[in-house]
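Residue numbers for the sequence shown, in UniProt numbering: 1 to 237. Using N, Cα and C, we set each Cβ at its ideal position, and we do this for glycine too. These numbers were taken from a predicted model, which means no experiment stands behind them. One structure below.
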Amino acid sequence: MPTSSASGTVASIRSDRSRPGSSVTSHGAKEEDHFDENEGRDLTKTVKLATVTSTDRSTYHGEVNGDGVPDGLGVLLSVFGSTYSGAMKNGKKNGEGVELQTNGATYSGEFHDGVASGYGVYVGILGDKYIGQWVDGSRHGVGVSVDAEAVMTAAHFNMDEPELASAVSLSWEADEQLHVLRAVLAENAAIRNQEIARQRHVDAVVQEMTTIGKLYVLLCRYSRSLSLLTEVSFAAS
């Protein structure tokens, strides 16, 4: 997602992953302590937050990298009304996350390069459901589809289309069970990321409001100083 502007000082206020040992630096960036079992020492991770507006007018609130590009966990709000809460990498949806589409359907699972790829679970607005593999935003690979009438089809899918001949030959234990399990695990990971991403969203907005408030105070002080300077200059003349 190409970005055009980022508002607010990159910082962090609070997160669901905070625990004893976490601290907030003087710059507002959150440092989280992680214990490395191999090294036997604590590792510190600094979380940076920002609000970023892209060239397509979508808005992102959450973790960013050193260049202010969405990278980590956060919430992406599309100008068309869809919402993504989850992992980002270099400005694109990458990793596990939950996407609420404009029509009310949801996808919870793995993303790659901005689209659903890997394993995940899709739930349509009519109650239809798909659990399985995805490629480039389409159902592709082994999966289980359940329609609105609760009719289940387990098959190989080819870019959203089930290969019905494969439904007869597939074995639940050998073929389907593993893929369904991996899709459910991806869904659970996506939901966990969604919870943290939503907190990142709140933190980024609070940070932005705090920054704006500080700028307003500085502006008022500057205006007051300028007014006093004008009065002194006028009195001296």
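In this structure V121 is not in contact with A204, their Cβ atoms being roughly 28 angstroms apart against a cut-off of 8 angstroms.
Between the segment 145 to 154 and the segment 114 to 134 there are three or more C-beta pairs closer than 8 angstroms, enough to call the two in contact. For G97, the closest of H140, N90, F111 and Y130 by C-alpha to C-alpha distance is F111.
Only residues of its own chain outside the window of five on either side were considered, and among them M159 and D160 have a CB closer than 6 angstroms to the CB of S138, listed in chain order. Between the segment 54 to 64 and the segment 185 to 195, the count of C-beta pairs closer than 8 angstroms stays below three; the two stretches do not touch. With respect to the 7 angstroms criterion, T102 and G81 are classified as neighbours on the basis of their beta carbons.
Per the C-alpha coordinates, the member of G86, L100, T210 and V180 positioned closest to R200 is G86. For T153, the enclosing beta strand (DSSP E) has its first and last residue at M152 to N158.
By the neighbour-count criterion, in which 16 or more other beta carbons inside 10 Å mark a residue as buried, G74 falls on the buried side.
In this structure, the alpha-carbon of K89 lies about 17 angstroms from that of D136.
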